[in-house]
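Q: A single structure is presented below for examination.
Protein chains: 2
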Amino acid sequence: MTGSQSSAPTRGRQRNEADVVVIGAGLAGLTAARELVAAGRSVTVLEARARVGGRLLNHRLGDGQVTEIGGQFVGPTQDHILALAKEVGVATYRAAVPGENVYVRNGRARRFSGHLLPDPLALPEMGIALARIGQAAAKVDPAAPWRAPNARELDGMTYETWLRKAGITGAAVDLVNVFLNSAYGGEARDASALFSLWYVSTFGDETHPGTMERGTGTTGGAQDSRFVGGSQLVAQRLAEELDGRVQLNAPVRRVSQDSTGVTVVSDAGDWRAGRVIVAVPPLVASRIVWDPLLPAQQDQLFQRLPFGTLMKCVAVYDRPFWRAEGLSGMGLLRGGSPIREMFDNTPPDGGPGVLMGFLGGREWRKWAHRSAAERRGAVLRCFAQVVGERAFDTVDYVEQDWTAEQWTQGGPTAVAAPGVLTDFGQWMGRPHHRVHWAGAEFSPYWNGYMDGAVRSGQHTATELLHQI
Amino acid sequence: MTGSQSSAPTRGRQRNEADVVVIGAGLAGLTAARELVAAGRSVTVLEARARVGGRLLNHRLGDGQVTEIGGQFVGPTQDHILALAKEVGVATYRAAVPGENVYVRNGRARRFSGHLLPDPLALPEMGIALARIGQAAAKVDPAAPWRAPNARELDGMTYETWLRKAGITGAAVDLVNVFLNSAYGGEARDASALFSLWYVSTFGDETHPGTMERGTGTTGGAQDSRFVGGSQLVAQRLAEELDGRVQLNAPVRRVSQDSTGVTVVSDAGDWRAGRVIVAVPPLVASRIVWDPLLPAQQDQLFQRLPFGTLMKCVAVYDRPFWRAEGLSGMGLLRGGSPIREMFDNTPPDGGPGVLMGFLGGREWRKWAHRSAAERRGAVLRCFAQVVGERAFDTVDYVEQDWTAEQWTQGGPTAVAAPGVLTDFGQWMGRPHHRVHWAGAEFSPYWNGYMDGAVRSGQHTATELLHQI
Chain A
1 MTGSQSSAPT
11 RGRQRNEADV
21 VVIGAGLAGL
31 TAARELVAAG
41 RSVTVLEARA
51 RVGGRLLNHR
61 LGDGQVTEIG
71 GQFVGPTQDH
81 ILALAKEVGV
91 ATYRAAVPGE
101 NVYVRNGRAR
111 RFSGHLLPDP
121 LALPEMGIAL
131 ARIGQAAAKV
141 DPAAPWRAPN
151 ARELDGMTYE
161 TWLRKAGITG
171 AAVDLVNVFL
181 NSAYGGEARD
191 ASALFSLWYV
201 STFGDETHPG
211 TMERGTGTTG
221 GAQDSRFVGG
231 SQLVAQRLAE
241 ELDGRVQLNA
251 PVRRVSQDST
261 GVTVVSDAGD
271 WRAGRVIVAV
281 PPLVASRIVW
291 DPLLPAQQDQ
301 LFQRLPFGTL
311 MKCVAVYDRP
321 FWRAEGLSGM
331 GLLRGGSPIR
341 EMFDNTPPDG
351 GPGVLMGFLG
361 GREWRKWAHR
371 SAAERRGAVL
381 RCFAQVVGER
391 AFDTVDYVEQ
401 DWTAEQWTQG
411 GPTAVAAPGV
421 LTDFGQWMGR
431 PHHRVHWAGA
441 EFSPYWNGYM
451 DGAVRSGQHT
461 ATELLHQI
Chain B
1 MTGSQSSAPT
11 RGRQRNEADV
21 VVIGAGLAGL
31 TAARELVAAG
41 RSVTVLEARA
51 RVGGRLLNHR
61 LGDGQVTEIG
71 GQFVGPTQDH
81 ILALAKEVGV
91 ATYRAAVPGE
101 NVYVRNGRAR
111 RFSGHLLPDP
121 LALPEMGIAL
131 ARIGQAAAKV
141 DPAAPWRAPN
151 ARELDGMTYE
161 TWLRKAGITG
171 AAVDLVNVFL
181 NSAYGGEARD
191 ASALFSLWYV
201 STFGDETHPG
211 TMERGTGTTG
221 GAQDSRFVGG
231 SQLVAQRLAE
241 ELDGRVQLNA
251 PVRRVSQDST
261 GVTVVSDAGD
271 WRAGRVIVAV
281 PPLVASRIVW
291 DPLLPAQQDQ
301 LFQRLPFGTL
311 MKCVAVYDRP
321 FWRAEGLSGM
331 GLLRGGSPIR
341 EMFDNTPPDG
351 GPGVLMGFLG
361 GREWRKWAHR
371 SAAERRGAVL
381 RCFAQVVGER
391 AFDTVDYVEQ
401 DWTAEQWTQG
411 GPTAVAAPGV
421 LTDFGQWMGR
431 PHHRVHWAGA
441 EFSPYWNGYM
451 DGAVRSGQHT
461 ATELLHQI
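Structure, rendered in structure tokens:
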């Protein structure tokens with residue numbers, strides 16, 4: 001381990017102390033801090049933003065109502081986030097709204113119920129796709145995808161190539177991409193086949209192997225439920241419990257280690273700690289100044305985990321008018337729409353009406369640099385295809401572009417291109433001397449989801465407590 | 001444009017001024033600075049390291065002799081670096097050493113002359129590969145690969161997949177990877193087909209379309225010549241000419257812009273300038289704190305341009321003993337050797353003897369984390385297969401691992417995975433308000449090479465001078 005590489009930036013600054021400094025007050029960091037405090041350690045959580053929650057963000061609708069413009073859904077097998085929410089007193093409710101969904105293809109809308117798309121051609125193609133994806137994903141170990149029997153072959157091609165080779169075509173490819181747009185802000189070409197199949201394998205837990213159905217499902221799947229008060233409330237409650245241990249507006253600029261501890265330099269002062277947990281996304285972590293540097297292999301891995309591109313587009317109405325017309329507000333749109341998947345995001349007690357659409361993957365890349373007005377128009381036209389012309393009668397319209405958030409730089413999660421998992425994956429969670437890693441990207445189950453973040457925070461706290 | 005996002009880091013610090021601040025004293029930055037000074041502008045070049053040259057680095061052998069442990073080769077159509085070297089008084093010499101080359105396959109060595117591999121099976125496969133790669137690369141515009149007729153198709157698959165689809169198999173795939181290991185520190189699976197074919201299209205200039213033969217060739221190709229005194233000497237001469245305008249040990253931590261100029265915060269003090277040229281690799285640039293942030297599309301692009309993995313391994317001997325045995329010291333090794341391509345890197349006047357091997361791509365990923373002693377043994381065993389057992393009688397052994405260099409973080413250049421060029425490529429060189437970009441990664445010709453760096457530095461200086 002080397003000494004400081006530059007003129008000491010900490011000279012003359014106040015230095016605070018803690019057993020453990022946690023960097024990042026998202027779910028993973030807050031969960032880790034909670035475990036450490038319960039084990040009797042002194043902990044400070046340094047958060048760059050003026051708020052906690054990371055990729056969880058409530059948007060106030062007035063009158064105490066909120067809707068989410070970050071992560072929002074939970075479902076079965078996500079027991080870690082569900083248990084934690086219960087402990088901090090945040091209730092859940094079923095996300096699905098009674099009524100029919102709408103399927104739009106090339107501008108033509110058709111109503112449908114449940115999961116059965118009203119597309120006679122797409123249905124058998126989707127059936128084949130789900131079966132083949134399921135078979136392939138079942139061979140991937142969520143904890144070590146690089147050990148899959150054909151890992152090197154799968155990691156040598158894009159998921160787009162794999163889908164074609166697996167005879168998955170037409171509507172199925174399009175619908176898989178609709179899912180990927182929302183789930184990781186990407187396209188089938190952005191990810192290796194191994195990564196995408198591994199990702200499916202993470203949609204479960206130790207006793208329920210991951211399936212595409214669970215990942216894409218509403219009721220009974222990953223979009224089953226939501227939190228009363230908004231998902232960010234879970235993070236806010238955790239922060240309250242931590243009772244003054246969370247320091248906001250404290251972007252960390254440098255982490256220096258020596259044989260006796262770690263110095264963390266933030267805009268809110270310096271901390272000295274025995275151990276550090278970095279609970280920010282790998283990309284964001286890689287932009288901290290590291291002294292000594294991260295191991296080259298780990299830095300290379302972090303270089304190869306870009307974030308997806310995702311924006312949430314939210315339209316607010318006096319009331320959820322579509323419900324009276326027998327519509328659930330859920331829509332699937334194919335054929336080049338900016339919004340390809342949308343949901344009724346109305347608060348649980350029924351008002352005001354909120355529609356939320358994902359603008360992700362390639363659509364983000366087409367639309368993000370255009371004017372806000374042009375984009376708003378295009379988004380509302382999508383909404384109108386699903387719920388009718390009243391979609392234009394908004395009382396509010398909000399965009400949350402996660403790629404433009406300084407402390408996230410993309411969303412909703414990291415995507416690995418071909419070659420990354422097999423050549424670098426094993427470096428993912430390896431501690432760097434006194435620095436440990438946590439976050440949704442570090443979990444073998446529900447990677448990139450709230451449940452993965454909580455799992456990872458608990459896992460890393462335990463790992464660290466075993467070492468000190 | 002927003003104001004400073006944190007407690008002002010510049011308060012009470014000395015502030016220097018210049019018309020233009022150039023960040024990075026590699027070839028691109030130094031070339032740009034030279035042009036700006038010639039145009040009468042005041043310029044400061046801020047360099048993070050204690051030396052100039054970036055990815056050009058001489059290693060001293062004693063008695064005034066040097067060998068290169070960074071970029072070293074130049075060749076025909078690289079007129080920009082050749083002209084610049086001439087202007088600063090650095091001469092070139094032919095790199096090829098008389099004698100036979102050695103081809104090692106599965107541990108068995110065969111001598112050969114010129115380009116004709118002594119492998120009756122590999123030759124026709126390579127012939128077909130070169131023809132098909134050439135045909136496909138000819139359709140890609142070096143300045144706008146995303147406009148190629150089949151750009152989206154090519155950018156949806158890895159180069160590995162494309163090679164298979166093009167009927168390029170066996171030895172040819174292996175030899176293409178040997179080239180990629182050295183040329184971009186990667187494997188055919190790391191890059192999209194579009195990126196790799198575009199890369200071939202850049203091996204030329206406005207009047208000589210790029211070809212694989214020119215990129216891989218020794219005499220008459222990209223490995224034709226070397227610089228007397230080592231390639232870093234060109235950068236050193238440029239820095240001398242700049243006469244005090246280069247500030248070493250000045251890592252830039254933050255770049256803040258407002259309507260009247262740019263503030264650059266470095267460990268050596270702060271600078272205020274009208275314009276800034278960032279002449280460090282995209283990955284390194286993305287780790288600077290940007291205020292305002294980079295456009296999200298450009299940040300996403302930089303997130304998706306990881307560096308390759310490359311180490312140069314250099315063994316020094318009393319003299320180049322292999323020459324007396326009729327060997328050129330050039331070796332091509334297939335079948336899982338850590339070193340897959342090696343050269344005689346002896347200084348031009350003939351001593352001491354130097355062998356240099358590339359440990360790149362997947363081999364780096366296998367070997368970089370092992371002990372230095374184990375790696376040295378494995379590398380020398382490779383050298384011994386090419387020049388005999390005397391390869392073990394070293395007087396010195398040096399490794400230069402570019403991935404472990406803080407201000408490069410990989411090498412020799414950036415590699416784009418599928419989806420990147422078509423969805424984000426157009427954001428590559430776009431100025432960010434008062435900030436302009438330069439570097440080998442920004443050139444449409446000899447991208448990632450010295451010539452690309454010089455071209456880019458000249459181009460960006462011209463672009464900037466047109467705007468102020």
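In the order they appear, the protein sequences are chains A and B. Note that full-length UniProt numbering has the first sequence beginning at 1, numbered continuously upward. Note that full-length UniProt numbering has the second sequence beginning at 1, numbered continuously upward. Note that CB positions come from ideal geometry on N, CA and C, so glycine has one too.
1) What does DSSP give as the partner residues of A/PHE227 in its beta bridges?
2) Using a C-beta to C-beta distance shorter than 7 Å, which residues of chain A count as neighbours of B/GLU187?
3) What residues from the stretch 296 to 311 of chain B come within 8 Å of chain A, judged by C-beta to C-beta, listed N to C?
4) Give the interface partners of B/ALA404 over in chain A, defined as CB-CB distance under 8 Å, in chain order.
5) What does DSSP give as the partner residue(s) for B/GLY353 in the beta ladder?
6) Beta-carbon within less than 7 Å of A/ARG376's beta-carbon, same chain only, minus the 5 sequence neighbours each way: which residues are those?
7) Run through the DSSP bridge pairs and tell me what B/LEU333 is partnered with.
8) For the stretch 241 to 248 of chain B against the stretch 113 to 128 of chain B, are there 3 or more C-beta pairs whose distance is under 8 Å?
9) Using a Cβ-Cβ distance under 7 Å, would A/ARG340 count as near chain B?
10) Using alpha carbons as the reference points, say which of A/SER201, A/ILE81, A/ARG430 lies closest to A/ALA235.
11) Give the straight-line distance between the Cα atoms of A/ARG340 and B/ASP270, rounded to the nearest whole angstrom.
12) When Cβ atoms are compared, which residues of the stretch 156 to 172 of chain A fall closer than 7 Å to chain B?
13) Assuming A/ALA95 contacts A/ARG189 under a Cβ cut-off of 8 Å, what Cβ separation, rounded to an integer in Å, is found between them?
14) Answer with yes or no whether the minimum CB distance from B/ARG287 to chain A is below 7 Å.
15) Give the range of the beta strand (DSSP E) segment to which A/TRP437 is assigned.
16) Could you check whether the Cβ of B/ASP190 sits closer than 7 Å to any Cβ belonging to chain A?
17) Among B/ILE168, B/ALA136, B/GLY71, whose alpha-carbon lies nearest the alpha-carbon of B/GLY210?
18) Of all Cβ atoms in chain B, is any one closer than 7 Å to the Cβ of A/HIS369?
19) Is there a Cβ of chain A sitting closer than 7 Å to that of B/ARG13, yes or no?
20) From which residue to which residue does the beta strand (DSSP E) around B/ASP396 run?
21) Thinking just about the alpha-carbon of each residue, which of A/THR158, A/GLU153, A/LEU154 is nearest to the one in B/ASP155?
22) Is it the case that the Cβ atoms of A/TRP437 and A/VAL278 are separated by a distance below 7 Å?
23) Can you tell me the Cα-Cα spacing of A/GLN303 and B/GLN467, whole angstroms?
24) So B/GLY410 contacts chain A; which residues on that side make the cut at Cβ distance below 9 Å?
25) I'd like to know if A/ARG254 contacts chain B, where contact means its C-beta is closer than 7 Å to some C-beta of that chain.
26) For B/VAL52, which residues in the same chain have their Cβ closer than 7 Å to its Cβ, ignoring the five residues on either side in sequence?
27) How would you call A/ASN181, buried or exposed, if buried means at least 16 neighbouring beta carbons within 10 angstroms?
28) Apart from the five residues just before and just after B/TYR184, which ones in its own chain have a Cβ nearer than 6 Å to its Cβ?
29) Quick one: grab the DSSP three-state call for B/GLY261.
30) Pick helix, strand or coil for B/GLY377, following the three-state DSSP scheme.
31) Residues of chain B with a CB under 8 Å from the CB of A/PHE321: which are they?
32) Excluding the 5 residues preceding and the 5 following B/GLY429 in the sequence, name in chain order all residues of the same chain whose CB lies nearer than 6 Å to its CB.
33) Express the C-alpha separation of B/ALA268 and B/PRO9 in angstroms, rounding to a whole number.
34) Using only alpha-carbon positions, find the residue among A/LEU242, A/ARG275, A/GLY230 that is nearest to A/ASP258.
35) How many Å lie between B/LEU301 and B/ASP63 at the Cα?
36) Relative to the C-alpha of A/LEU117, which residue among A/VAL97, A/ARG147, A/LEU175 is closest?
A: So, from the listed chains and residues:
1) Counted from its first residue, the first sequence places residue 227 of chain A at position 227. DSSP output for A/PHE227 lists A/THR92 as bridge partner(s).
2) The count along the second sequence starts at 1 and reaches residue 187 of chain B at position 187. Within 7 Å Cβ-Cβ: GLY419.
3) ALA296, GLN297, ASP299, GLN300, GLN303, ARG304, PRO306, PHE307, THR309
4) Numbered from 1 along the second sequence, position 404 holds the residue referred to as residue 404 of chain B. By Cβ distance, chain A contributes LEU293, ALA296.
5) Taking the first residue of the second sequence as position 1, residue 353 of chain B is located at position 353. For B/GLY353, which the question treats as bridged, DSSP gives the partners B/TYR317.
6) For the purposes of this step, residue 376 of chain A is taken as the residue at position 376 of the first sequence. Counting only Cβ-Cβ distances below 7 Å, and skipping sequence neighbours, we find TYR397.
7) Counted from its first residue, the second sequence places residue 333 of chain B at position 333. Answer is B/VAL104.
8) no
9) Working through the first sequence from its first residue, we reach residue 340 of chain A at position 340. Output row for A/ARG340: interface = no.
10) Taking the first residue of the first sequence as 1, we reach residue 235 of chain A at position 235. Among A/SER201, A/ILE81, A/ARG430, the Cα nearest to that of A/ALA235 belongs to A/ILE81.
11) The residue given as residue 340 of chain A occupies position 340 in the first sequence. The residue given as residue 270 of chain B occupies position 270 in the second sequence. Whole-angstrom Cα-Cα distance: 47 Å.
12) GLY156, MET157, THR158, GLU160, THR161
13) Here residue 95 of chain A refers to the residue found at position 95 of the first sequence. Here residue 189 of chain A refers to the residue found at position 189 of the first sequence. Between A/ARG189 and A/ALA95 the Cβ distance is about 30 Å, and since that is not below 8 Å, they are no contact.
14) On the second sequence, position 287 is the one that residue 287 of chain B refers to. For B/ARG287, the answer is yes, since a Cβ of chain A falls inside 7 Å of its Cβ.
15) Locating residue 437 of chain A in the first sequence gives position 437, counting from the first residue. Counting along the chain, the beta strand (DSSP E) containing A/TRP437 begins and ends at 435 to 437.
16) Start at 1 with the first residue of the second sequence, and residue 190 of chain B comes out as number 190. Yes, B/ASP190 lies at the interface with chain A (some Cβ there is under 7 Å from its Cβ).
17) Locating residue 210 of chain B in the second sequence gives position 210, counting from the first residue. Out of B/ILE168, B/ALA136, B/GLY71, B/ALA136 has the C-alpha closest to the C-alpha of B/GLY210.
18) Taking the first sequence and counting its residues from 1, the one referred to as residue 369 of chain A is at position 369. Judged by the 7 Å Cβ criterion, A/HIS369 is in contact with chain B.
19) Counting from 1 along the second sequence, the entry for residue 13 of chain B is found at position 13. For B/ARG13, the answer is no, since every Cβ of chain A falls outside 7 Å of its Cβ.
20) Translated into the one-based positions of the second sequence, residue 396 of chain B becomes position 396. Start and end: 396 to 401.
21) Looking up residue 155 of chain B in the second sequence gives position 155. The option with the nearest alpha carbon to B/ASP155 is A/THR158.
22) Within the first sequence, the letter at position 437 stands for residue 437 of chain A. Within the first sequence, the letter at position 278 stands for residue 278 of chain A. Going by C-beta atoms, A/TRP437 is nearer than 7 Å to A/VAL278.
23) For the purposes of this step, residue 303 of chain A is taken as residue 303 along the first sequence, with counting starting at 1. For the purposes of this step, residue 467 of chain B is taken as residue 467 along the second sequence, with counting starting at 1. Using only the alpha carbons, I get a separation of about 33 Å.
24) Along the second sequence, one-based indexing puts residue 410 of chain B at 410. Within 9 Å Cβ-Cβ: ALA296, ASP299, GLN300, GLN303.
25) Counted from its first residue, the first sequence places residue 254 of chain A at position 254. False, the Cβ-Cβ gap to chain B never drops below 7 Å.
26) Taking the second sequence and counting its residues from 1, the one referred to as residue 52 of chain B is at position 52. ALA25, LEU30, ALA235, GLN236, ALA239, VAL246.
27) Counting from 1 along the first sequence, the entry for residue 181 of chain A is found at position 181. The residue is buried, with at least 16 neighbouring Cβ atoms inside 10 Å.
28) Taking the first residue of the second sequence as 1, we reach residue 184 of chain B at position 184. Counting only Cβ-Cβ distances below 6 Å, and skipping sequence neighbours, we find GLY308, THR413, VAL415.
29) Translated into positions along the second sequence, residue 261 of chain B becomes position 261. Three-state result, B/GLY261: strand.
30) The count along the second sequence starts at 1 and reaches residue 377 of chain B at position 377. Correct three-state label for B/GLY377: helix.
31) Here residue 321 of chain A refers to the residue found at position 321 when the first sequence is read from its first residue. Per Cβ cutoff of 8 Å: no residues; A/PHE321 is ~33 Å from chain B at best.
32) In the second sequence, the residue the question calls residue 429 of chain B occupies position 429. TRP437, PHE442.
33) In the second sequence, counting from the first residue as 1, residue 9 of chain B sits at position 9. In the second sequence, counting from the first residue as 1, residue 268 of chain B sits at position 268. Low confidence applies to B/PRO9: its pLDDT is 47, below 50, so where it sits in the model is not reliable enough to give any reading.
34) Indexing the first sequence from 1 puts residue 258 of chain A at position 258. Of the listed residues, the one whose Cα sits closest to A/ASP258 is A/ARG275.
35) Against the second sequence, residue 301 of chain B aligns to sequence position 301. Against the second sequence, residue 63 of chain B aligns to sequence position 63. C-alpha separation (whole angstroms): 45 Å.
36) As a working mapping, residue 117 of chain A is identified with position 117 in the first sequence. Out of A/VAL97, A/ARG147, A/LEU175, A/LEU175 has the C-alpha closest to the C-alpha of A/LEU117.
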